[in-house]
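Inspection log for the structure reproduced underneath, given as structure tokens.
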Amino acid sequence: PASCTAVAPGEPLRDLQQLCGTITWIRPLLGLTTEELLPLFHLLKGDGDLASPCQLTPDAREALERVAAAIKSFQAHQVRSLPINCAILGKCPNLHALLFQWDDSQRDPLIIIEWLFLPHQPAKTITTLPELMSKLIIKTHQRLRTLAGCDPACIYLPLNLEQLDFLFQTNENLQISLDSYPGQISIHYPKHKLFKDTLYLAPKSFKSKTPIRSALTVFTDGSGRSHKSDPDSQKRESDVQIVQGSPQIAELAAVERAFRKFQQPFNLVTDSAYVAEIAERAEHALLQEIQNKTLHSLLSELIWLISHREQPYHIMHVRSHTDLPGEITEGNRRADLLAMMTNTTSSSILRPILPDVHMQAKLSHAFFHQNAPALSHQFKISKEQAQAIIATCPNCQSHALPTVATGVNPWELGALDIWQTDITHFPSFGRLKYIHVSVDTFSGAVFASLHTGEK
Numbered sequence: 001p002a003s004c005t006a007v008a009p010g011e012p013l014r015d016l017q018q019l020c021g022t023i024t025w026i027r028p029l030l031g032l033t034t035e036e037l038l039p040l041f042h043l044l045k046g047d048g049d050l051a052s053p054c055q056l057t058p059d060a061r062e063a064l065e066r067v068a069a070a071i072k073s074f075q076a077h078q079v080r081s082l083p084i085n086c087a088i089l090g091k092c093p094n095l096h097a098l099l100f101q102w103d104d105s106q107r108d109p110l111i112i113i114e115w116l117f118l119p120h121q122p123a124k125t126i127t128t129l130p131e132l133m134s135k136l137i138i139k140t141h142q143r144l145r146t147l148a149g150c151d152p153a154c155i156y157l158p159l160n161l162e163q164l165d166f167l168f169q170t171n172e173n174l175q176i177s178l179d180s181y182p183g184q185i186s187i188h189y190p191k192h193k194l195f196k197d198t199l200y201l202a203p204k205s206f207k208s209k210t211p212i213r214s215a216l217t218v219f220t221d222g223s224g225r226s227h228k229s230d231p232d233s234q235k236r237e238s239d240v241q242i243v244q245g246s247p248q249i250a251e252l253a254a255v256e257r258a259f260r261k262f263q264q265p266f267n268l269v270t271d272s273a274y275v276a277e278i279a280e281r282a283e284h285a286l287l288q289e290i291q292n293k294t295l296h297s298l299l300s301e302l303i304w305l306i307s308h309r310e311q312p313y314h315i316m317h318v319r320s321h322t323d324l325p326g327e328i329t330e331g332n333r334r335a336d337l338l339a340m341m342t343n344t345t346s347s348s349i350l351r352p353i354l355p356d357v358h359m360q361a362k363l364s365h366a367f368f369h370q371n372a373p374a375l376s377h378q379f380k381i382s383k384e385q386a387q388a389i390i391a392t393c394p395n396c397q398s399h400a401l402p403t404v405a406t407g408v409n410p411w412e413l414g415a416l417d418i419w420q421t422d423i424t425h426f427p428s429f430g431r432l433k434y435i436h437v438s439v440d441t442f443s444g445a446v447f448a449s450l451h452t453g454e455k
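Here's what the structure looks like:
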């Protein structure tokens, strides 16, 4: 305890780093959560100079006093004849585990053996609640095999029966963590004051795996502008906002505004696979500290909004720029048009005023960087016009391939009349390393064969 409190103001960063390392080593025996030690961990984020002085904040001093008090009051023992159990505790998403024994012959039957905690910084940017439970279960198995050479006799999970059945059927992380586990799984914790004070059941999930009937549909695009439509009244409105940053940040900002604005049930359609995956995992998730302040702020706000929802929602990813019919493709197309909007009317509902086709192709290439055939096909312009647009794009010059004039390869009027052959060397095939690849110039059929030479 003395070494935990004898940190004078202005001590170098090295001493604070060593102190935090000592506390982390004994923390499993003390039961101090990561949140209680956060003020100390935040002091380590200095300029990296080992001799730089560190000033203890009042919160950091309080954390040190809490550590010293826990060391003075801690007593640990184990009854070898009793099984060891594991209980997942804590308020979502800040979970931790307790290894304990239960002795009914004692006045206080709870025998605390060790506390287990997750790392201060999770490995993923967003870690879901089932993943956190799975990591704690795996850590419990590893620690108990080190301490006693066995698995826990019973694992207590903060779930109700419906949540437990659903996760066992759908969540592979929980399935893997409990694979070949010989013990019991229980949702009924022993009756003890410690469990009563620190047990929080996992909150109800409002994320729907299937689309919600008769609900609002919200479309978002990759430029930070969200487009929403009411499928019942077919009224179309727009919420346009300029967002600085990458297309992913802009799309994330649009989704965050959608969850902030619509509290009723709704279906969200986005053409960004990155944002769709984040929104799918955001409910009651643990966020990693991110150096990009804009991204960290958007992710924090999105996780908070989704975790505190009281109405169901559904996330759908749709591929952009497809010619498929239907309302989903049409809604996504309207969102893309709003993304390239150059002017708006003064009315309360924004309507895009689009430029000519050549300018649309130029704006589209500046955003998506299509090649010449794609631009020519999408906007019905000539191949020479598409190549001219690409030639003026500075981002595409370093990756541009030399153009080949048309008419190099002969084009026959019938199948199997003229074949064009090329030879590729593949040393891994040994003697048969010469691969002769022939293409029928009429049908495009390809035939490849292995030979011992180029002839």
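Quick note on numbering: the sequence shown equals residues 1 to 455 in full-length UniProt numbering. Just so you know, even glycine gets a beta-carbon here, dropped at the ideal spot from N, CA and C.
| Check | Outcome |
| --- | --- |
| Relative to the C-alpha of E65, which residue among V79, I23, S81 and K91 is closest? | I23 |
| On a CA-only basis, which of V446, Q121, L19 and G149 is nearest Q291? Give me that one, please. | Q121 |
| Please classify S105: is it buried, with 16 or more other beta-carbons within 10 angstroms of its beta-carbon, or exposed? | exposed |
| Counting only the same chain and skipping the five closest in sequence on each side, list residues whose C-beta sits under 6 Å from that of S186. | C154 and Y156 |
| Can you name, in chain order, every residue of its own chain whose Cβ lies under 6 Å from the Cβ of K433, other than the five neighbours on each side? | H425, F426 and P427 |
| State the DSSP-derived secondary structure class of K207, mapped to helix, strand or coil. | strand |
| How would you label M133, buried or exposed, when you count the other beta carbons within 10 angstroms and need 16 or more for buried? | buried |
| Assuming A366 and C393 form a contact by the criterion Cβ under 8 Å, report the distance between their Cβ atoms to the nearest whole angstrom. | 7 Å |
| Under 8 Å by Cβ, that's how I've got L252 and L302 pegged, so tell me the actual separation to the nearest angstrom. | 7 Å |
| Thinking C-beta only, is I315 closer than 7 Å to A276? | yes |
| Identify whether D165 lies in helix, strand or coil by the three-state DSSP scheme. | helix |
| How about H284 and C86: are their beta carbons less than 7 Å apart? | no |
| How many Å lie between R80 and F206 at the Cα? | 44 Å |
| Span of the alpha helix (DSSP H) holding Y274? | A273 to R281 |
| Out of curiosity, what's the CA-to-CA distance linking G444 and I435? | 18 Å |
| Helix or strand or just coil, what does DSSP make of I303? | helix |
| Closest to K139 by C-alpha separation, out of K362, H96 and W102, would be which residue? | H96 |
| So, is S88 buried or exposed, given that buried needs 16 or more other C-beta atoms within 10 angstroms? | Residue identity differs from the one stated: residue 88 is Ile in this sequence, not Ser. So I88 ends up on the buried side. |
| Whose CA, out of C396, A448 and G430, lies closest to the CA of W419? | A448 |
| With a CB to CB cut of under 6 Å and the five nearest residues on each side skipped, what residues in its chain are close to E35? | N94 |
| Ordered along the chain, which non-local residues of its own chain (more than five positions away) have a Cβ less than 6 Å from that of V446? | V439 |
| In the DSSP assignment, find the beta strand (DSSP E) that holds I290 and state where it starts and stops. | Per DSSP, I290 belongs to no beta strand (DSSP E) and is neither H nor E. |
| Round the Cβ separation of F379 and A361 to the nearest angstrom and send it over; I've been treating them as touching at under 8 Å. | 4 Å |
| Within 10 angstroms of its Cβ, does Q101 collect 16 or more other Cβ (buried), or is it exposed? | buried |
| Is it right to say D165 is buried, meaning 16 or more other beta carbons lie within 10 angstroms of its own, or is it exposed? | exposed |
| Can you give me the start and stop residues for the alpha helix (DSSP H) that Q142 sits inside? | L129 to L147 |
| Please state the DSSP three-state secondary structure of P58. | helix |
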